Amino acid sequence: MYLSSSRAADSIDTGSIKTGSVDTGRGNAIGRNVVALGLVSMVTDVSSEMVTAVLPLYLVVGLGVSPLAFGLLDGVYQGVTALVRLVGAHTADRTRRRKPVAGVGYALSAACKLGLLAVTTPWGIGVVLAADRTGKGLRTAPRDALISLSAGPEAQGRAFGVHRTLDTAGALFGPLAAFAVLWAARDGYEAVFQVSFCCAAFGVLLLALYVREPAAQSPHVDPARRPGAVLTLRTLARTRGVPRLGLAAALLGAATIGDAFLYLVLQRQLALDARWFPLLPVGTAAAFLLLALPIGRLADRVGRIRVLLAGHGALLAAYLLLLLTNVVSPLPLAIALFVLLGAFYAATDGVLAAAAAPLLPPALRASGLALVQTGQAAARFAAAALFGLVWTLTGPTTALTAAVTALTMAVCASLWLLRPGKKG
Amino acid sequence: MRHRATLLTVVTALLATTAFLAVDRAADRAADRERPHTGQPAIQRGELDLRRPGRLVFRSLAWGPQRDRLATVPLTAPGGPRTAAPRDCLRFHAAAGTGICLRKKSGVIPGHEAVLLDARGRAVRHFPVPGIPTRARVSPSGRLVAWTVFVSGDSYAGGAFSTRTAVYDTRTGTLHDTLEDFTVLVNGRRHQAVDHNFWGVTFAADDNTYYATLGTGGRTYLVRGDLARRSLTTVRENAECPSLSPDGTRIAFKKRIRPQGADAPWRLYVLDLRSGRETPLAERASVDDQALWLDGRTLLYALPGDFGADLWSVPANGGGHPRKEVASAVSPAVTGPVSASAPAGTAASRGSTAR
């Protein structure tokens, strides 16, 4: 392990906790909490992906509007989500009530499924979707904090691997559920939203009944010692390993160009029939589903930072694959891309949280995770916009070459930033 | 927590029942749409003949067993009884005996296809399409066909939509899978972007020149294309879903008059290609359709209606008033051996519901 987890929280005292892990004695019950959170995410993802899958059809066929008339989810939404995520995390830490904050997020998103039944204009749908994203933003960090607090420091990778596997399974099953409803009831978009609401409500029920707030924290927190936003930031900035990991995550994020671009390059190189295009993300998700748990466990054994960086190596390999390959038969190239991208997500999404969590004092875990993840997400968003611009100005090959250079530099910089034995 | 399992069982049963009832009710409503209702246009079953002059053909939205089928009415009595052929289409256009029908494929997972039709409405060739149909066009001679579909999840911003437009040459059998492969000149300079979207093709009489919409960087452009040279050149900004007049001198289009995200953002305009002058038409409602030139003086377009959409007409010179011509219909085309040969002013001059 490059980063010591046991001493991470020693230097600070923001609440009552001095160790990086909680309650490792109750292995079984703790595993159940992670699985319960995974199941909550799974049914919630079934619910939200049901809506995502039929929304284009609903807009064009059901409501008869041009989706190009409004930029559905643009930078504004991304910004709002990031902000809400930080607020949700801070609230969860401050009140020590991660479960209720996450619950509010899940409930808000569930309510939005009913909200879709009430609006018929593109503008109204935009508002409901923004509220849905707000719910997602609210719940993400408290949920990840709950996961990390429900597993020992040695099993963080496995815990996040279990969660992301269940989460992705829900995301893959959601569209199938939606199309089954439409198959039973032609043009029954309202029914899809109603069933989606029932799934989301079921997720809230599972959360309420089966997810426990980890009991390790002292139940009586002196309100005067609850960390405010400024103190939280100052403490996190001084927490050993956290600033460097956050910086590395942002650097790596800034060299990540977004899958859609890679699919576009793949499609152009292979002259791939356009009808396959919507299926490309499914291939990556399937690889992610299969790899999330094994790679999470591997990260626990060989080191999370090592796996995190190796994951970006897989992404680099994906770039190079598209850049250097002369057209071979399409199927092996597509499968190789799926495996590389799936491995990239499996080695970065949950593993970043698993790498960050043990560094963070439990009292600030949600905030710390939110900061690291938001920094990475913001960097990725900026990178996608910048890459789009480079593509426009110079064409795909030059843009992809630039991305390879940037990612190589980011990985080298991260290797240096996160090198073993680095102090402070 | 002894009550936990009970609570879980009861609430889960409640949610499952609600979900089941929701699907069941939706299935009932779907079945209801398959039954004829009073107050709807009379429909009889019959043959389709895209060469027979003087008829308007469209996708009929009237509830009943003929819903979504191609139906025809005489241009002299567009509001009268319709004749429906056993051919389902979501979007449709025809000219000079060639038809293009964008339809839903059967199966659990929704898919769509473009079907090239002969004058009898029989399928000549099927093309898979990667999204939801929105526009279809046939060139005046019946030789070229084009279609546009919406593709979702195809944008780097996530969640946004893009379009895919294909052109097929029925004589050479050449399929241009996507116009995005063509060279684009914006204001005279070569323009490359990952967010190029094309939609709404309209063909000129020479079977080489065409117009379409290019969307990039949050702007839309009217573009003129040269099919043989595989190139597109911008003509002007803010002009979508062009429709070239039968004499090739004017283009009807929808112009955005309200910003992104606003309701009712478009107005119908006609552009004179020689003078470059734009004329707003008498229709005050927002039109989200590629208008059809019924003749040299009248445009036909769809507006939202009780059963999805109705077809309205308006004079192309900016005067007059919009009139409802056909209830519960969308995607119109004029039949005949050569395109747009309808006698001037037929439908519009005797339209039923003036506003």
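Here the protein sequences come in this chain order: A and B.
Under my numbering, the letters of the first sequence match residues 314 to 737, in that order.
Under my numbering, the letters of the second sequence match residues 34 to 388, in that order.
Ideal placement from N, C-alpha and C gives every residue a C-beta, glycine not left out.
Note that the structure is a prediction, hence the values are computed from the model and not measured.
Checklist entry - Would you say Gln73/B reaches chain E, if we count a Cβ-Cβ gap shorter than 9 Å as a contact? => result Note that chain E does not occur in the displayed structure, where the protein chains are A and B.
Next on the checklist: Is Val359/B close to chain A? Criterion is C-beta to C-beta, closer than 9 Å.
Outcome noted: Here residue 359/B corresponds to residue number 326 of the second sequence, with the count starting at 1. Chain A, which has no Cβ nearer than 9 Å to the Cβ of Val359/B, makes this no.
Checklist entry - So what's His476/A in DSSP terms, helix, strand or just coil? => result Against the first sequence, residue 476/A aligns to sequence position 163. DSSP places His476/A in helix when its eight states are reduced to three.
Checklist entry - Using the beta-carbon of each residue, which ones in chain A are nearer than 7 Å to Pro279/B? => result Taking the second sequence and counting its residues from 1, one reaches residue 279/B at position 246. Correct list: empty, because the minimum Cβ distance to chain A is about 26 Å.
Checklist entry - Which residues of chain B have a Cβ atom closer than 8 Å to the Cβ of Asp503/A, listed in chain order? => result Looking up residue 503/A in the first sequence gives position 190. It is worth fixing the name first, because residue 503/A is Glu in this sequence and not Asp. Correct list: Ala55 and Ala59.
Next on the checklist: Bridge partners for Trp326/B per DSSP, in chain order?
Outcome noted: Residue 326/B sits at position 293 when you count from the first residue of the second sequence. Leu332/B, per the DSSP bridge assignment.
Checklist entry - Where does Val335/A land, buried or exposed, given buried means 16+ other C-beta within 10 angstroms? => result Here residue 335/A refers to the residue found at position 22 of the first sequence. Low local confidence applies: a pLDDT of 42 at Val335/A is under 50, so the model's placement there is unreliable, with the coordinate-based value given in what follows. Its Cβ being crowded by 16 or more others within 10 Å, Val335/A is buried.
Checklist entry - How about Gly439/A and Phe574/A: are their beta carbons less than 9 Å apart? => result For the purposes of this step, residue 439/A is identified with residue 126 of the first sequence, where counting begins at 1. For the purposes of this step, residue 574/A is identified with residue 261 of the first sequence, where counting begins at 1. Contact flag unset, no.
Checklist entry - Going by beta carbon distance, what residues of the same chain come within less than 7 Å of Ala824/A, once the five residues before and after it are set aside? => result Since the displayed chain A opens at 314 and closes at 737, residue 824/A lies outside it and no answer follows.
Checklist entry - So, does the CB of Ala318/B fall closer than 9 Å to a CB anywhere in chain A? => result Translated into the one-based positions of the second sequence, residue 318/B becomes position 285. Chain A, which has no Cβ nearer than 9 Å to the Cβ of Ala318/B, makes this no.
Item to check | Gly483/A and Val356/A closer than 9 Å at C-beta | outcome: Position 170 of the first sequence, counting from 1, holds the residue named residue 483/A. Position 43 of the first sequence, counting from 1, holds the residue named residue 356/A. Yes, the pair counts as a contact, with Cβ atoms nearer than the cut-off.
Checklist entry - Can you check whether the CB of Leu255/B is closer than 9 Å to the CB of Pro279/B? => result On the second sequence, residue 279/B is found 246 positions in, with the first residue counted as 1. On the second sequence, residue 255/B is found 222 positions in, with the first residue counted as 1. Result no, Cβ atoms of Pro279/B and Leu255/B do not sit closer than 9 Å.
Next on the checklist: By the three-class DSSP mapping on this structure, what secondary structure does Ser531/A have?
Outcome noted: Looking up residue 531/A in the first sequence gives position 218. With a pLDDT of only 49 at Ser531/A, under 50, the local geometry of the prediction cannot be trusted, and the value read off the model is given with reservation. Three-state DSSP puts Ser531/A in coil, outside helix and strand.
Checklist entry - Counting contacts by CB-CB distance shorter than 9 Å, is Cys512/A in contact with chain B? => result As a working note, residue 512/A is residue 199 in the first sequence. Cβ-Cβ to chain B under 9 Å: yes for Cys512/A.
Item to check | Helix, strand or coil at Gly384/A according to DSSP, with G and I counted as helix | outcome: Position 71 of the first sequence, counting from 1, holds the residue named residue 384/A. Confidence at Gly384/A is low in this model, with a pLDDT of 46, below 50, so its placement is unreliable and the value that follows should be read with caution. If DSSP states are grouped into helix, strand and coil, Gly384/A belongs with coil.
Next on the checklist: For Thr196/B and Val182/B, which I take to be in contact (beta-carbon distance under 8 Å), what is that distance rounded to the nearest angstrom?
Outcome noted: By one-based count along the second sequence, residue 196/B stands at place 163. By one-based count along the second sequence, residue 182/B stands at place 149. Their Cβ separation, rounded to whole angstroms, is 7 Å, which keeps Thr196/B and Val182/B in contact under 8 Å.
Item to check | Buried versus exposed, by CB contacts within 10 Å (16 or more), Ser727/A | outcome: The count along the first sequence starts at 1 and reaches residue 727/A at position 414. Buried, since its Cβ has 16 or more Cβ neighbours within 10 Å.
Item to check | The alpha helix (DSSP H) enclosing Phe506/A, as first and last residue numbers | outcome: For the purposes of this step, residue 506/A is taken as residue 193 along the first sequence, with counting starting at 1. That run of the alpha helix (DSSP H) goes Tyr502 to Tyr523.
Checklist entry - Residues of chain B with a CB under 7 Å from the CB of Ala498/A: which are they? => result Locating residue 498/A in the first sequence gives position 185, counting from the first residue. Going along chain B in sequence order, the residues near Ala498/A (Cβ under 7 Å) are Val56, Ala59, Ala60 and Ala63.
Next on the checklist: Tell me which residues share the same chain as His224/B and place their Cβ nearer than 6 Å to its Cβ, disregarding the 5 neighbours each side in the sequence.
Outcome noted: For the purposes of this step, residue 224/B is identified with residue 191 of the second sequence, where counting begins at 1. Result list for His224/B: Val217, in chain order.
Checklist entry - What three-state label does DSSP hand Trp704/A in the structure shown? => result For the purposes of this step, residue 704/A is identified with residue 391 of the first sequence, where counting begins at 1. Three-state result, Trp704/A: helix.
Item to check | Contact list for the region 221 to 240 of chain B against chain A, Cβ threshold 9 Å | outcome: His224, Gln225, Ala226, Val227, Asp228, Asn230 and Trp232
Checklist entry - How would you call Pro69/B, buried or exposed, if buried means at least 16 neighbouring beta carbons within 10 angstroms? => result Residue numbering aside, residue 69/B sits at position 36 when the second sequence is read from its first letter. It is exposed - the Cβ of Pro69/B has fewer than 16 other Cβ atoms within 10 Å.
Checklist entry - Grouping DSSP H, G and I as helix and E and B as strand, with all else coil, what is Arg388/B? => result Locating residue 388/B in the second sequence gives position 355, counting from the first residue. Residue placement at Arg388/B is poorly supported in this model, since its pLDDT is 44, which falls under 50; the coordinates are not used for a value here.
Checklist entry - By how many angstroms is the C-alpha of Trp345/B removed from the C-alpha of Asp240/B? => result Residue mapping note: residue 240/B aligns to position 207 of the second sequence, counting from 1. Residue mapping note: residue 345/B aligns to position 312 of the second sequence, counting from 1. Cα to Cα, Asp240/B sits roughly 28 Å from Trp345/B.
Next on the checklist: Counting C-beta neighbours from all protein chains within 10 Å, is the total for Val43/B 16 or more, i.e. buried, or is it exposed?
Outcome noted: The residue you call residue 43/B lines up with position 10 of the second sequence. Exposed is the call here.
Item to check | Collapsed DSSP secondary structure at Asp445/A in the structure displayed | outcome: Locating residue 445/A in the first sequence gives position 132, where the first residue counts as 1. Here DSSP, grouped into helix, strand and coil, assigns Asp445/A to helix.
Checklist entry - Quick one, are the C-beta atoms of Arg115/B and Gln77/B less than 9 Å apart? => result Looking up residue 115/B in the second sequence gives position 82. Looking up residue 77/B in the second sequence gives position 44. It is a contact, given that the beta carbons lie within the stated cut-off.
Item to check | Closer than 8 Å at the beta carbon, the chain B residues around Phe601/A | outcome: Within the first sequence, numbered from 1, the residue matching residue 601/A stands at position 288. Going along chain B, no residue has its Cβ under 8 Å from Phe601/A, so there is no contact; the nearest lies around 16 Å.
Next on the checklist: Quick check: is the beta carbon of Arg37/B nearer than 9 Å to any beta carbon in chain A?
Outcome noted: Against the second sequence, residue 37/B aligns to sequence position 4. Yes, contact with chain A.
Next on the checklist: Can you check which of these residues, Ala245/B, Gly338/B, Gly97/B and Arg263/B, is closest to Glu67/B by C-alpha distance?
Outcome noted: As a working mapping, residue 67/B is identified with position 34 in the second sequence. Ranking Ala245/B, Gly338/B, Gly97/B and Arg263/B by CA distance to the CA of Glu67/B puts Gly97/B first.
Checklist entry - Taking C-alpha atoms, which residue in Thr368/B, Ser361/B and Pro370/B lies nearest to Gly72/B? => result As a working mapping, residue 72/B is identified with position 39 in the second sequence. Measuring from the Cα of Gly72/B, the nearest candidate turns out to be Ser361/B.
Item to check | Chain-order list of residues whose beta-carbon lies under 7 Å from that of Gly416/A (same chain, five-residue window excluded) | outcome: For the purposes of this step, residue 416/A is taken as residue 103 along the first sequence, with counting starting at 1. For Gly416/A, where only same-chain residues beyond five positions count, the Cβ hits under 7 Å are Val517, Leu520 and Ala521.
Checklist entry - Who pairs with Ser276/B in a beta bridge, going by DSSP? => result As a first step, residue 276/B must be located in the second sequence, where it is residue number 243. Per DSSP, Ala285/B.
Next on the checklist: Please report the distance separating the alpha-carbon of Ala49/B from that of Gly375/A.
Outcome noted: Locating residue 49/B in the second sequence gives position 16, where the first residue counts as 1. Locating residue 375/A in the first sequence gives position 62, where the first residue counts as 1. For Ala49/B and Gly375/A, the distance between alpha carbons rounds to 25 Å.
Next on the checklist: Suppose you measure from the CA of Gly340/A to the CA of Ala656/A; what does that come to, to the nearest Å?
Outcome noted: Looking up residue 340/A in the first sequence gives position 27. Looking up residue 656/A in the first sequence gives position 343. Unreliable positioning characterises Gly340/A in this predicted model, as indicated by a pLDDT of 47, which lies under 50. The coordinate reading is nonetheless provided below. Approximately 28 Å between the Cα atoms of the pair.
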